[in-house]
Structures are given as structure tokens and as C-alpha cells.
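Heads up: the protein sequence lines correspond to chains A and U, in order. With my numbering, letter number 20 in the first sequence gets 20, and the count goes up by one each step, no holes. With my numbering, letter number 94 in the second sequence gets 94, and the count goes up by one each step, no holes. In this text, a Cβ means the ideal position worked out from N, Cα and C, and glycines have one as well. Predicted model, so just to flag it, every value in this text is computed and none were measured. What follows is a set of notes on a single structure, which appears directly below.
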Amino acid sequence: MRRLASLSCVLALSAFVVLAGCGKPQFSDGEKKTIASLALNTLPALKPDTTNRFADVPAAAALGSTLFFDQGMSRDGTVSCSTCHKIDRQFQDDLPQAVAIGRTNRRTMPLAGVARDPWFFWDGRRDSLWAQALTPLENPLEQAGNRAAFAHYIKKRFGERYERIFGPLPDLSTVPTNASPLGTDAEKAAWNAMPDSQAEDVNRVFANIGKAIAAFERSIEPPQTRFDRFAIDLASGAKPQGDDAFSPEEILGLKLFIGKANCVTCHNGPRFTDNSFHNTGVPPVADLPPDRGRIDAVAQVEADPFNCFGAFRDGDDSACRELRFMVKTGPELVRAYKTPSLRGAATRPPYMHAGQFSSLDEVVAHYSKAPASVEGTSEVHPLQLSERERAALVAFLKTLAE
Amino acid sequence: MASLWRYLLAGLGLAALLVGILAIVYLTAPQTAPGADTSRSKTTANGLFVASFQPERGVIRQGELQSWLLTLKTVKGAPVEGAAITVSGGMPLHNHGLPTSPQATDYLGEGRYRIDGLKFTMSGWWQLRFAISAAAGSDTVVFNVVL
Numbered sequence: 001m002r003r004l005a006s007l008s009c010v011l012a013l014s015a016f017v018v019l020a021g022c023g024k025p026q027f028s029d030g031e032k033k034t035i036a037s038l039a040l041n042t043l044p045a046l047k048p049d050t051t052n053r054f055a056d057v058p059a060a061a062a063l064g065s066t067l068f069f070d071q072g073m074s075r076d077g078t079v080s081c082s083t084c085h086k087i088d089r090q091f092q093d094d095l096p097q098a099v100a101i102g103r104t105n106r107r108t109m110p111l112a113g114v115a116r117d118p119w120f121f122w123d124g125r126r127d128s129l130w131a132q133a134l135t136p137l138e139n140p141l142e143q144a145g146n147r148a149a150f151a152h153y154i155k156k157r158f159g160e161r162y163e164r165i166f167g168p169l170p171d172l173s174t175v176p177t178n179a180s181p182l183g184t185d186a187e188k189a190a191w192n193a194m195p196d197s198q199a200e201d202v203n204r205v206f207a208n209i210g211k212a213i214a215a216f217e218r219s220i221e222p223p224q225t226r227f228d229r230f231a232i233d234l235a236s237g238a239k240p241q242g243d244d245a246f247s248p249e250e251i252l253g254l255k256l257f258i259g260k261a262n263c264v265t266c267h268n269g270p271r272f273t274d275n276s277f278h279n280t281g282v283p284p285v286a287d288l289p290p291d292r293g294r295i296d297a298v299a300q301v302e303a304d305p306f307n308c309f310g311a312f313r314d315g316d317d318s319a320c321r322e323l324r325f326m327v328k329t330g331p332e333l334v335r336a337y338k339t340p341s342l343r344g345a346a347t348r349p350p351y352m353h354a355g356q357f358s359s360l361d362e363v364v365a366h367y368s369k370a371p372a373s374v375e376g377t378s379e380v381h382p383l384q385l386s387e388r389e390r391a392a393l394v395a396f397l398k399t400l401a402e
Numbered sequence: 001m002a003s004l005w006r007y008l009l010a011g012l013g014l015a016a017l018l019v020g021i022l023a024i025v026y027l028t029a030p031q032t033a034p035g036a037d038t039s040r041s042k043t044t045a046n047g048l049f050v051a052s053f054q055p056e057r058g059v060i061r062q063g064e065l066q067s068w069l070l071t072l073k074t075v076k077g078a079p080v081e082g083a084a085i086t087v088s089g090g091m092p093l094h095n096h097g098l099p100t101s102p103q104a105t106d107y108l109g110e111g112r113y114r115i116d117g118l119k120f121t122m123s124g125w126w127q128l129r130f131a132i133s134a135a136a137g138s139d140t141v142v143f144n145v146v147l
């Protein structure tokens with residue numbers, strides 16, 4: 001009997017030791033390394049943008065800020081950048097698709113850290129922040145203006161401020177009131193009737209509008225979150241204090257995020273994005289025009305006169321390597337969309353490029369199920385996450401928005 | 001007899017401790033790629049060239065555009081000049097190609113070619129395949145890069 005008791009003691013002891021081996025430490029060295037790579041303190045300083053020599057000029061950022069919030073920067077004086085990029089809502093609008101002059105077919109993207117992106121819009125159809133800022137100005141569904149009207153408006157309203165930053169404005173006295181290569185038939189005709197030198201003058205003012213807005217947007221950076229405080233404590237070996245400590249559910253979610261659920265494959269680095277494009281089988285929205293994502297954006301960015309190879313870039317073309325080495329063809333680009341940053345995502349539903357999912361629960365369920373794409377091939381494989389695991393992932397994602 | 005039983009007990013206890021320690025080591029060991037050959041220098045598929053492939057700045061930084069150097073020699077060790085090189089590749093386990101289109105942009109002499117525009121957007125097993133065409137003929141070589 002004594003022997004039996006001793007044997008059970010030994011068995012209990014060994015079971016305890018084995019269990020201790022499984023349960024502790026909380027994170028493996030590999031997991032710790034991955035967690036540290038996601039923390040905001042590993043975000044490098046913002047690099048200069050040599051394609052925009054006004055990018056770090058304070059007066060340019062100040063003018064850009066004025067223009068960003070100015071409803072005069074639209075066809076009918078009712079829409080500004082900030083109509084959809086709302087300053088108190090992470091610079092997005094909480095809508096499935098942005099609504100400005102008209103209803104667009106895409107979800108407004110938040111702006112934190114946007115100056116670090118190599119590609120802009122969900123499909124990367126622009127290759128610089130300043131070229132991006134110009135696009136909604138002339139989109140008939142967004143600000144619906146035209147570049148000739150914008151040049152006149154800048155001269156009339158902000159002429160002195162503009163000239164202090166960018167130098168003398170061109171003579172616009174013979175420039176039509178409304179003209180643009182992208183506008184209505186009348187605006188296109190007016191644009192085509194302009195001499196080349198005049199078109200270039202207007203394009204230069206237009207490009208500088210984008211450069212000023214970009215200079216402002218460079219200041220919009222992601223804030224530190226509860227996850228970052230937890231990650232810093234984990235890396236330094238300090239015990240997270242009070243609210244910074246993660247609950248068992250949040251820890252499980254974090255482990256799944258960087259492990260079994262494979263989220264970190266694409267949502268990597270301190271911004272939780274690989275800055276690339278992927279087809280993840282997100283379904284189209286029924287009443288919207290066909291949307292094929294990256295595959296259709298390649299020609300658009302190549303044709304954009306404000307792209308890095310264009311005449312309005314400052315500095316040399318060594319800044320154009322993203323465009324130069326861009327993937328231009330291939331089935332993987334079909335319905336591929338940019339990996340969005342997950343910082344702050346928990347408090348800004350709906351999700352995906354056209355607001356297809358109204359909650360993080362739906363997003364996680366989508367990735368767990370991994371349905372086939374309507375066109376092209378989804379890169380995501382089914383995960384069969386349990387209800388508890390899906391809830392844990394959502395709990396972790398919330399720590400990136402607290 | 002009693003002391004033998006104590007030794008047995010101690011032995012069992014130590015074995016259990018060993019199992020526990022092994023469990024910790026096993027569970028925390030970093031995962032490696034499934035047996036990928038990550039050598040940076042190898043003979044091309046048909047034995048025409050010896051190719052070596054190194055990051056130009058010595059380190060691989062995930063998510064950044066970078067250039068690597070592909071050095072081509074004949075099997076006798078002479079540098080291969082005037083080679084036409086095309087680059088392809090991807091991540092075999094993720095079933096996708098490269099996120100960029102790297103190109104041989106410069107010839108730096110002594111059989112060294114700059115391969116610019118590489119970007120490793122995620123950790124894991126990457127493959128880079130070079131199709132090489134030179135005076136000696138055409139050949140291919142595949143390098144594995146594990147991040």
C-alpha cells in the first residue's frame with residue numbers, strides 16, 4: 001500500500017513537471033521574437049520622401065492641412081478630404097463604401113501611418129502619397145472637381161501662402177475655368193485645347209496641392225496601444241501592470257494570431273501589414289460595379305502622369321524602385337487587395353475593401369472558413385477555429401485599439 | 001531492499017524531471033524550414049555554372065526592397081560575363097509568387113550581377129529561381145531563402 005502511495009506520488013510529480021513544461025513559459029522564444037517585431041517601438045523613423053521636396057516643410061504641411069479640411073476643394077463646395085477621412089474617427093467614415101458627391105465602390109481607408117505605404121488605395125493604383133491625394137479631387141464620385149478649377153481656386157483663395165512655399169504661380173488668366181483630361185466631355189475638350197505649356201503649368205499647381213496635402217498627412221501616425229505596452233513588458237521581462245496585463249483569452253488570441261491562425265503571415269511588422277496585395281476570397285458586393293482589385297490597378301498607376309516616373313517627381317528616379325519592380329501580370333493579382341493595418345481596426349467596422357463584413361467576428365469567421373474566391377484564387381486555407389478560438393482572436397484584436 | 005526502492009524512486013523522479021525539461025526545450029525550439037537547402041553557393045541544374053547569391057548589404061531585412069549579388073563562374077572558376085538573367089520565384093508553402101519583379105540591373109565585373117527589386121514580405125521559406133543564358137549555354141539554379 002505504501003509502495004502504491006509512493007508510486008502515485010512519483011506519477012503525480014512527473015505529470016506536474018510535464019504539465020509545467022507545457023504551460024510555462026507563457027511564450028516561446030520564437031513567439032517572443034514575433035511579438036516584439038509587432039510592437040510600435042520597432043517602427044522606424046519616417047523616411048524622407050525625396051519625390052516630394054516639400055514633404056517635411058512645415059508651411060507646406062500647414063497649407064495641406066487647410067486644404068484637407070476645406071470643402072471649397074470640391075465641385076459644389078460640400079466635400080473635403082475630411083468628409084470621408086474624419087479626424088475624430090481615425091480618418092475614416094464608418095461606412096461600407098465612402099459617400100462624397102456620390103457613393104463610391106470602396107471603403108474609406110484610415111490614415112494612421114499612411115506615409116509609410118509603398119502603394120495607395122485598396123488596389124495600389126497610386127504610388128505616392130501626393131499622387132494619391134490628387135485622385136479623389138477629380139473623381140466624379142468624390143470631390144468631383146477639375147484641375148483647372150483647383151488652380152484658379154488656389155490662386156484666389158491661398159495664392160500668397162502657395163507662393164511662399166512653391167514659388168510664383170503661373171499666369172492662369174487664359175486658363176479655362178474648368179478643364180481636365182479626366183473630366184466631363186466639355187472639360188476634356190477645354191483641356192485638349194490648351195497649349196502644352198499651359199497644361200503643364202496647371203498640372204504643376206495640381207501636383208503641388210497633392211504635395212502639400214501629403215506633407216500634412218505625414219504627421220498622422222498610429223498611437224501606442226495596450227498591445228504595445230504588453231509587448232514592451234514581455235520583451236523586457238517586466239510584469240505588465242494593471243490594465244496592461246493580458247487576460248488568458250487575449251493571450252490565447254495573440255498566440256493564435258502569430259501561430260495556428262497564420263494572421264501574422266500578412267499582418268506583420270509594427271503596422272501589422274506586409275504592404276502587399278492578396279486575394280483572400282472576400283466576396284464582392286452585389287450592387288457595385290465589377291471590382292478586380294490589383295490586376296486592374298497596374299495599368300492605372302503606370303498611366304498616371306503623377307507617378308514616380310512622371311515629370312512632377314522631385315529628386316531622382318532611385319526613389320521609384322517600387323514602381324520599377326512592380327509585378328504587372330499574373331493570376332495572383334486578380335481580386336488581390338492591400339493588407340490593411342490592424343491598428344485601431346477593432347473600433348472601425350465595417351471591414352474589407354467594400355465594407356463586406358460588419359464585425360470582427362465576421363472577419364475571423366471568414367478567415368476560419370476560407371471560402372473560394374469568385375474570381376482568381378484565394379491564398380487563405382481553412383483553419384477550423386473553434387468558437388472559443390475565434391472569440392480569442394477578436395479579443396486580441398481589440399488590444400490594438402485600446 | 002528498502003534502499004533499492006528509494007534508488008528506484010529517485011531514478012523515476014529524475015526521469016520525470018528530464019521529461020519535463022525536454023518538453024520545455026521541444027516546445028520552445030524555433031521552427032525551421034522543412035529541410036530546405038539554404039546554401040548560398042551551388043552548381044546550376046545542368047552543371048554549366050557555379051552560382052552564388054548573397055544580399056548586397058549582407059543582411060536580409062523583411063519588407064524592404066533590396067538588392068542581392070548573383071556571382072556566376074564557370075566550373076573551372078572563370079567569371080561568366082554577358083549573361084542574360086531572369087528571376088522568378090515565390091513561397092512554395094503559400095502557393096504564391098514573388099511580391100515584386102526583381103531584375104538583373106547591373107553587371108559589376110568578375111561575374112557579379114546586381115539583382116535588384118527583391119522584397120521578402122513575410123517570414124518563411126522563399127525560393128528564387130534564376131534562368132541564366134551565357135556563351136556556355138543556358139541553365140537554371142534555385143536558391144532557398146528562409147526568414
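Nearest to V146(U) (by Cα), restricted to the options I132(U), A83(U) and S39(U)
Here residue 146(U) corresponds to residue number 146 of the second sequence, with the count starting at 1. The shortest C-alpha separation from V146(U) is found at S39(U).
Got a sec, what are the start and stop residues for the beta strand (DSSP E) T174(A) sits in?
The residue given as residue 174(A) occupies position 174 in the first sequence. Per DSSP, T174(A) belongs to no beta strand (DSSP E) and is neither H nor E.
Close beta carbons around R112(U), own chain, < 7 Å, minus the five adjacent residues each side:
Residue mapping note: residue 112(U) aligns to position 112 of the second sequence, counting from 1. If we look at R112(U) and ignore the five residues flanking it on each side, its Cβ neighbours are L69 and T71.
So which residues of chain A does Q103(U) contact, with C-beta pairs closer than 9 Å?
Taking the first residue of the second sequence as 1, we reach residue 103(U) at position 103. Chain A residues near Q103(U): R324 and F325.
Given a cut-off of 8 Å on the beta-carbon distance, is the pair A36(A) and A235(A) in contact?
As a working mapping, residue 36(A) is identified with position 36 in the first sequence. As a working mapping, residue 235(A) is identified with position 235 in the first sequence. Taking 8 Å as the Cβ cut-off, A36(A) and A235(A) qualify as a contacting pair.
Find the nearest neighbour of L397(A) within the set C263(A), E332(A) and N275(A), judged by alpha-carbon distance.
Residue mapping note: residue 397(A) aligns to position 397 of the first sequence, counting from 1. Looking at the Cα atoms, C263(A) is the closest of the given residues.
Chain A partners of L65(U), CB-CB under 9 Å?
For the purposes of this step, residue 65(U) is taken as the residue at position 65 of the second sequence. Simply P118, R321, E322 and F325.
If we ignore side chains and look at the alpha-carbon of each, how far apart do D106(U) and R324(A) end up?
Working through the second sequence from its first residue, we reach residue 106(U) at position 106. Working through the first sequence from its first residue, we reach residue 324(A) at position 324. Taking the straight line from one Cα to the other gives about 14 Å.
May I ask you to verify whether the region 277-284 of chain A touches the region 368-385 of chain A, counting CB pairs closer than 8 Å and requiring at least 3?
yes
Using DSSP bridges, identify the partner residues of M326(A).
Here residue 326(A) refers to the residue found at position 326 of the first sequence. In DSSP, M326(A) forms a bridge with T100(U).
Report buried or exposed for S173(A), applying the criterion of at least 16 other Cβ atoms within 10 angstroms of its Cβ.
Counted from its first residue, the first sequence places residue 173(A) at position 173. S173(A) comes out exposed.
Cα-Cα, which of V334(A), S28(A), D117(A) and G30(A) is closest to V374(A)?
Residue mapping note: residue 374(A) aligns to position 374 of the first sequence, counting from 1. Taking only the C-alpha atoms, the option nearest V374(A) is V334(A).
Which same chain residues, not among the five before or five after P118(A), have their C-beta less than 6 Å away from its C-beta?
What you label residue 118(A) is simply residue 118 of the first sequence in a count that begins at 1. The residues are N275 and E322.
Near G124(U), what residues of its chain come up, given a Cβ to Cβ distance below 8 Å and the 5 sequence neighbours on each side ignored?
Looking up residue 124(U) in the second sequence gives position 124. A33, M91, L93, H94, V146 and L147, listed in sequence order.
Helix, strand or coil at G117(U) according to DSSP, with G and I counted as helix:
Looking up residue 117(U) in the second sequence gives position 117. Of the three classes helix, strand and coil, the one that applies to G117(U) here is strand, per DSSP.
Is the CB-CB distance between L43(A) and R271(A) below 8 Å?
Here the question's residue 43(A) lines up with position 43 in the first sequence. Here the question's residue 271(A) lines up with position 271 in the first sequence. Closer than 8 Å, so yes.
State the Cα-Cα distance for the pair T225(A) and G344(A), rounded to the nearest angstrom.
One-based indexing of the first sequence puts residue 225(A) at position 225. One-based indexing of the first sequence puts residue 344(A) at position 344. If you take the alpha carbons of T225(A) and G344(A), they lie about 9 Å apart.
Could you tell me which chain U residues have their CB closer than 7 Å to the CB of C84(A), listed as they occur along the chain?
What you label residue 84(A) is simply residue 84 of the first sequence in a count that begins at 1. Under the 7 Å cutoff, chain U gives no residues; its nearest Cβ is about 28 Å from C84(A).
How many whole angstroms separate the CB atoms of G124(A) and V301(A), which I take to be in contact at a CB cut-off of 8 Å?
The count along the first sequence starts at 1 and reaches residue 124(A) at position 124. The count along the first sequence starts at 1 and reaches residue 301(A) at position 301. Indeed, because the Cβ distance is near 7 Å, the residues count as touching under 8 Å.
Does chain U have any CB closer than 8 Å to the CB of C308(A)?
Locating residue 308(A) in the first sequence gives position 308, counting from the first residue. No, because no Cβ of chain U sits closer than 8 Å to the Cβ of C308(A).
Quick one: Cα of Y153(A) to Cα of D116(U), how far?
The residue given as residue 153(A) occupies position 153 in the first sequence. The residue given as residue 116(U) occupies position 116 in the second sequence. Answer to the nearest angstrom: the Cα atoms are 43 Å apart.
Nearest candidate by alpha-carbon position, reference F130(U), set T44(U), A36(U) and P79(U):
As a first step, residue 130(U) must be located in the second sequence, where it is residue number 130. Closest by alpha carbon: T44(U).
Tell me the DSSP secondary structure of V146(U) in three-state form.
The residue given as residue 146(U) occupies position 146 in the second sequence. Strand at V146(U).
Per-residue contacts from D228(A) into chain U (C-beta, under 9 Å):
In the first sequence, counting from the first residue as 1, residue 228(A) sits at position 228. What D228(A) touches in chain U: nothing, since even the nearest Cβ is about 19 Å away.
Endpoints, alpha helix (DSSP H) assigned at R229(A):
By one-based count along the first sequence, residue 229(A) stands at place 229. That run of the alpha helix (DSSP H) goes R226 to S236.
Near-chain A residues of the region 76-110 of chain U (beta-carbon distance less than 8 Å), N- to C-terminal order
H94, N95, H96, G97, L98, P99, T100, S101, P102 and Q103
Let me know the secondary structure DSSP gives V334(A) once reduced to three states.
The residue given as residue 334(A) occupies position 334 in the first sequence. The answer is coil: DSSP assigns V334(A) none of H, G, I, E or B.
Cβ pair count under 8 Å reaching 3, the region 185-204 of chain A against the region 27-41 of chain A:
no
Residues in the region 273-301 of chain A with C-beta within 7 Å of chain U's C-beta atoms, listed in sequence order?
D274, N275 and S276
Own chain, CB closer than 6 Å to Q92(A), minus 5 neighbours either side, in chain order
Stepping through the first sequence from its first residue, residue 92(A) is reached at position 92. Same-chain partners within the cutoff: T108, P110 and R348.
Minimum C-alpha distance to P223(A) - residue among L40(A), Q26(A), E31(A) and P25(A):
Mapped onto the first sequence, residue 223(A) falls at position 223. Ranking the options by Cα distance to P223(A), first place goes to L40(A).
To which residues of the same chain is N268(A) closer than 6 Å at the C-beta, ignoring the five residues directly before and after it?
Position 268 of the first sequence holds residue 268(A). The answer, listed in chain order, is D274.
Residues in its own chain within less than 7 Å of A60(A) by CB, not counting five upstream and five downstream?
Against the first sequence, residue 60(A) aligns to sequence position 60. These residues qualify, in order along the chain: F54, I165, K211, A212 and A215.
Measuring CB to CB, does E217(A) end up less than 8 Å from A115(A)?
What you label residue 217(A) is simply residue 217 of the first sequence in a count that begins at 1. What you label residue 115(A) is simply residue 115 of the first sequence in a count that begins at 1. Result yes, Cβ atoms of E217(A) and A115(A) sit closer than 8 Å.
Just checking: is the beta-carbon of T71(U) within a distance shorter than 8 Å of some beta-carbon in chain A?
For this step, residue 71(U) is matched to residue 71 along the second sequence. Not closer than 8 Å to any Cβ of chain A, the Cβ of T71(U) fails to qualify, so no.
Interface flag, T121(U) vs chain A, CB-CB below 8 Å:
Counting from 1 along the second sequence, the entry for residue 121(U) is found at position 121. Chain A contact via Cβ: present.
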